[in-house]
DNA sequence: GGCTCCTAACTGAACGTTCGTTTGGGTAAC
DNA sequence: GTTACCCAAACGAACGTTCAGTTAGGAGCC
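Residue numbers (the numbering used here), protein chains in the order written: chain A, 11 to 220; chain B, 11 to 220.
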């Protein structure tokens with residue numbers, strides 16, 4: 011439950027189908043609450059068959075994590091590739107980031123579970139494969155948009171805001187009484203963009219009337 | 011102050027000591043990963059002894075949740091009681107909220123786990139006992155500070171931001187290379203306050219100079 | 001074609017361990 | 001004697017894992 015191999019092992023089709031089911035189950039219930047028999051039942055096979063492809067349960071979980079986390083930064087390239095103004099790019103980036111988490115509950119939940127588990131090696135995997143690219147990109151944009159502010163802190167805030175909001179959704183449904191819709195997600199992204207742009211770009215100008 | 015609490019079951023000292031240990035273990039490892047034997051060992055007793063005080067494992071977990079979640083809104087009263095200007099109160103509230111999560115890892119982790127578990131009844135408990143009071147208070151403040159903006163969305167954003175940041179801490183340590191300190195937490199609270207105050211209070215005024 | 005050989009993929013059954021829970025009895029206090 | 005509390009021991013079920021044996025399919029040779 012600790013060391014993580016950094017090399018990609020070229021997975022067979024069968025292995026991928028196992029991991030596909032594993033990611034769903036582990037995301038939904040957590041590592042300890044998913045048994046090998048549960049996983050085997052899900053893909054209509056036997057526990058022993060799984061041990062033909064993976065040495066133990068831990069290896070399945072780690073491989074499933076890798077499978078979900080890998081290549082997560084690819085789509086980011088198309089988002090920031092254009093030579094739009096930084097604030098436009100930032101807006102696209104915030105929307106993309108929000109969708110990344112809300113359209114992909116398996117990813118979102120595995121990320122949350124890993125943050126809770128706190129395993130050092132897997133935290134590094136999470137950081138490098140999932141978090142680093144958006145963070146660096148937002149950091150870069152914020153550095154251009156608001157050089158006076160702490161770009162790292164701003165980037166952290168944006169990611170934290172998006173993550174926290176997606177997580178809070180069920181609570182907010184209870185608090186505000188309305189179900190989460192595509193529209194409220196759009197609203198949130200726009201809200202966040204305005205919050206960041208106005209909050210961080212505004213020169214710290216006192217309220218004294220000129 | 012003569013209200014009678016209808017829900018509190020009047021826990022004995024022994025029960026409280028059991029729940030105290032249970033909260034720590036469940037927060038750290040999650041429900042499925044903590045066995046009755048683990049819990050019994052932690053408080054130097056036997057599994058059977060626990061069944062004298064609680065009917066089953068689930069009841070222990072639920073009671074532990076209640077024990078941590080209960081009276082969470084009490085301290086909030088002193089925060090918002092003063093008749094300071096709304097923006098000053100908001101700043102105190104943000105700092106308080108940040109400390110609430112970061113100084114209390116057991117609470118923070120149980121909240122995160124409950125958000126992941128998604129059980130309807132326990133989500134309602136979480137919402138009412140932990141989330142509602144700060145949410146309503148921030149909502150009220152924001153309504154006074156920025157009547158034009160969606161106060162619920164703003165309140166949700168603030169709570170999401172604080173929650174997300176606390177969660178992200180281990181990842182940020184990897185990304186920025188520096189360990190989390192009391193100071194960086196203060197910085198975050200101040201940063202958030204400015205973000206919210208400037209970002210939401212600034213009238214949507216185009217950049218054209220008057 | 002048929003035949004052998006090999007290997008990957010899988011199965012059914014079982015291993016020992018740990019799980020949540022129960023039982024029956026014991027001890028101290030009222 | 002009743003009650004509250006606790007223990008040692010055990011219950012059946014489920015756990016991760018192993019193992020001997022079966023199947024399917026291709027390669028190599030005739």
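From the three backbone atoms N, C-alpha and C, an ideal C-beta is built for every residue, glycine too.
Between residue 185 of chain B and residue 141 of chain A, the C-beta spacing is below 8 Å. Here residue 188 of chain A is exposed: its Cβ has fewer than 16 other Cβ atoms, across all protein chains shown, within 10 Å.
With 16 or more other Cβ atoms inside 10 Å of its own Cβ, residue 144 of chain B counts as buried. Every alpha helix (DSSP H) of 4 residues or more that sits fully in the region 62-145 of chain A is shown, in chain order, as 67-79, 84-91, 96-112, 115-127, 130-136. Within a 10 Å sphere around the beta-carbon of residue 108 of chain B sit 16 or more other beta-carbons, which makes this residue buried. In the three-state scheme derived from DSSP, where H, G and I count as helix and E and B as strand, residue 159 of chain B is classed as coil.
Residue burial is scored here from C-beta neighbours: residue 98 of chain A has fewer than 16 other C-beta atoms within 10 angstroms and is therefore classed as exposed. Residue 49 of chain A carries a helical assignment under DSSP once its states are collapsed to helix, strand and coil. Within its own chain, the residues whose Cβ lies closer than 7 Å to the Cβ of residue 147 of chain B, once the five positions on either side in sequence are excluded, are 86, 90, 103, listed in chain order.
Within 8 Å of the CB of residue 134 of chain A, the CB atoms of chain B belong to 184, in sequence order along the chain. Proximity of chain A to residue 197 of chain B at the Cβ level (cut-off 8 Å) is accounted for by 160, 163, in chain order. Counting along the chain, no alpha helix (DSSP H) covers residue 21 of chain B, and no H or E run does either.
When C-alpha distances from residue 119 of chain A are compared across B:118, B:117, B:126, B:121, the shortest belongs to B:126. Residue 208 of chain B has a beta carbon lying within less than 8 Å of a beta carbon in chain A. Here residue 201 of chain B carries a helix assignment [DSSP, helix/strand/coil].
Shown here, residue 193 of chain B sits in a helix according to DSSP, grouped into three states. The C-beta of residue 201 of chain B comes closer than 8 Å to at least one C-beta of chain A. At least 8 Å separates the CB of residue 26 of chain B from every CB of chain A.
Chain-order list of chain B residues neighbouring residue 137 of chain A: 181, 184, 185, by C-beta distance under 7 Å. For residue 114 of chain B, the nearest beta carbon of chain A is not closer than 8 Å to its own beta carbon. Residue 55 of chain A carries a coil assignment under DSSP once its states are collapsed to helix, strand and coil.
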